[in-house]
Structures are given as C-alpha cells and as structure tokens.
C-alpha cells in the first residue's frame, strides 16, 4: 500500500526511488520488498550504491541513460557535480543492477505483514545474512550487453559505461570477500575497481582507508610522511584522517598558512569536530 500511495502521487514521467540499507535484510525479506515494489511499478529497476540498494519505479516508461545524461547536460558543471556527488553520471549509471523480476510469491501487505516480525530477528542473527544477500545480488546482475540494452546505451558509449559498470561489480565482490575474511582478495578486487573507475566515492574511500591503515607501519619503515599522506589525499582529497595528519605535520614544521588551509578543509568535512 505504501508503494501504491507513492505511485498515485507521481505525475507523468515521474520516478519514485526507495533506498534500503542492505544490512537490514536477508535474501528472503528483500525479495518480498522487491516483489511488492514490482507489483506497483512493473518497469522497476535496481541500483546498488555502496551497501544500499535503490528501488527505482517509473510512473510510465524509463528514459534510460539518454534521459539521465540529457538532464545532466542542462545543468552547469558545478550543478552536475552537486547532484552526482562529484562522481558523474556514468558512475551512477554503472550502479545499475537490472530490472526487478522476482516472480510469484509472498508480498508485503499492511493487513498481512510479512516483514515486521522477521526483520528484528536479523539484528540478533550470526551475521550470515549480509554475505548471502550480496552473493544473491551478484548472481542476479545482468551481463554488460544486457545492461546496455536495458539502459539504452549506444555502442559509442560502451567504454564509459563498461568501466563504471565493471567497477561497481568488482566493489561488491570485494566487500563480500572482506566480510568473508579474505582480506587479500578484497584488496585485489578493490584495486581493480579503483583502476576501472576512480570517480566512485565508495571505491575511492575503500582504497584510501586501506592505505591509512598501513600508514603507521609505513612511517616505522622510514617512508616519507608527507609523500605518504599526499598519496592518500590524491585518491580522496576529503579523507578526514589524512587531512588531520597533514594539518599536524604542517603545524610541526611551522607552515602556519598551509596548516590553516588544511584545518579549514577539515571543518568543511567535520564542522562539529572538537579537535579543530
């Protein structure tokens, strides 16, 4: 009923988007939500953004990549950066996870709820639901050519889309490997994901965080502190811990102007931080 009410409020050509945190579901409960969504929005699609899944329901037909890119072109460069989080339209299109096609089965109903009693139990489970859910999503993702057809992506746009599409898939595989305790495989996959699409903020932060975790060890081995911090900030200029370390480095070396510049960057990221 919630999705039906949302659909009724949409004007022609409108889109309804519902974001869900993956760690709140298992494969069965998410399937119920997707099936319920699909009943109201027959053209529904999925997008995966980090550990969130976006259910996208068009009121009519979805215009695909041409509509998304055309809307972005109407904006200034600054506005495009703002609405895409600085990641660009292709990064978001690369998060496409196919159409929703759950088939027959249980649906959520306000008069016969299916989820209200099942979801709280996940909080006290053994933690196995999330890796199983990620594996299930990976198995359902369409092939590149099928995704291009569904999003109406032209052949001359293949390279741009492929890089972001592959990067998103590698990232999810990397997170699954990390959850399963395979750190080396996770790092390998995330490195490839970053090479494919360095604009993806989730992938960039994963790489920068991994470098930060080894930062102290690198310093103990005699690596140059400034050079190491710059390497992290080259990947994510907004990495808070690296910015704080660079701020303290400039203070120690008496570079007051540079230190203040880093402090102001930190305040933008963490305006309520007490240590700045």
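Residue numbers (the working numbering): 1087 to 1362.
Virtual Cβ for every residue (Gly too), placed ideally from N, Cα, C.
According to the DSSP assignment, residue 1092 belongs to the alpha helix (DSSP H) that extends over 1088-1095. With respect to the 9 Å criterion, residue 1183 and residue 1170 are not classified as neighbours on the basis of their beta carbons.
Three or more pairs of CB atoms, one per stretch, sit closer than 8 Å, so the stretch 1249-1260 contacts the stretch 1288-1298. Exclusion of the five residues before and after residue 1297 leaves 1318 as the residues of its chain whose Cβ lies within less than 6 Å of its Cβ. When DSSP states are grouped into helix, strand and coil, residue 1185 belongs to the strand group. Straight-line measurement puts the Cα of residue 1151 at about 19 Å from the Cα of residue 1162. For a cut-off of 8 Å, the C-beta gap from residue 1145 to residue 1100 is around 4 Å, short enough to register as a contact.
A residue is called buried once 16 or more other Cβ atoms fall within 10 Å of its Cβ, and residue 1172, having fewer, is exposed. Taken in chain order, the unbroken stretches of alpha helix (DSSP H) that lie wholly in the stretch 1240-1285 and span 4 residues or more are 1244-1265, 1269-1282. Nearest in C-alpha terms to residue 1356, of all of 1326, 1222, 1335, 1244, is 1326. Close CB contacts of residue 1242 within its chain, under the 6 Å cut and outside five residues either way in sequence, are absent. Taking the Cα of residue 1149 as reference, the smallest distance to any Cα among 1113, 1238, 1231, 1186 is reached at 1238. For residue 1123, the enclosing alpha helix (DSSP H) begins and ends at 1113-1126. Annotation for residue 1140: the continuous beta strand (DSSP E) segment containing it runs 1138-1144. Ranked by how close their Cα comes to the Cα of residue 1339, the residues 1351, 1350, 1176, 1312 have 1312 in first place.
In this structure, residue 1104 and residue 1141 form a Cβ contact; the two beta carbons are roughly 4 Å apart against a cut-off of 8 Å. Boundaries of the beta strand (DSSP E) harbouring residue 1135: 1131-1135, taken from the DSSP string. Boundaries for residue 1110: no beta strand (DSSP E) harbours it, and the DSSP string shows neither H nor E there. Of the candidates 1278, 1176, 1351, 1176 places its Cα closest to the Cα of residue 1153. In the three-state DSSP reduction, residue 1104 falls in the strand class (E or B). Cβ atoms of residue 1321 and residue 1293 come within 8 Å of each other, at about 5 Å.
Sequence-distant partners of residue 1093 (beyond 5 residues in either direction) whose C-beta falls short of 6 Å from its own C-beta, in its chain, are 1126. Beyond the five residues adjoining it in sequence on each side, residue 1143 comes within less than 6 Å, by CB distance, of 1102, 1127, 1130 in the same chain, given in chain order. Residue 1260 places its beta carbon less than 9 Å from that of residue 1279. Residue 1249 is positioned such that its CB atom lies closer than 9 Å to that of residue 1283.
Cβ neighbours of residue 1272 within its own chain (closer than 6 Å, five residues either side excluded): 1260, 1263, 1264. Secondary structure at residue 1357: coil, using DSSP grouped into helix, strand and coil. DSSP places residue 1362 outside both helix and strand once states are collapsed to three, so it counts as coil.
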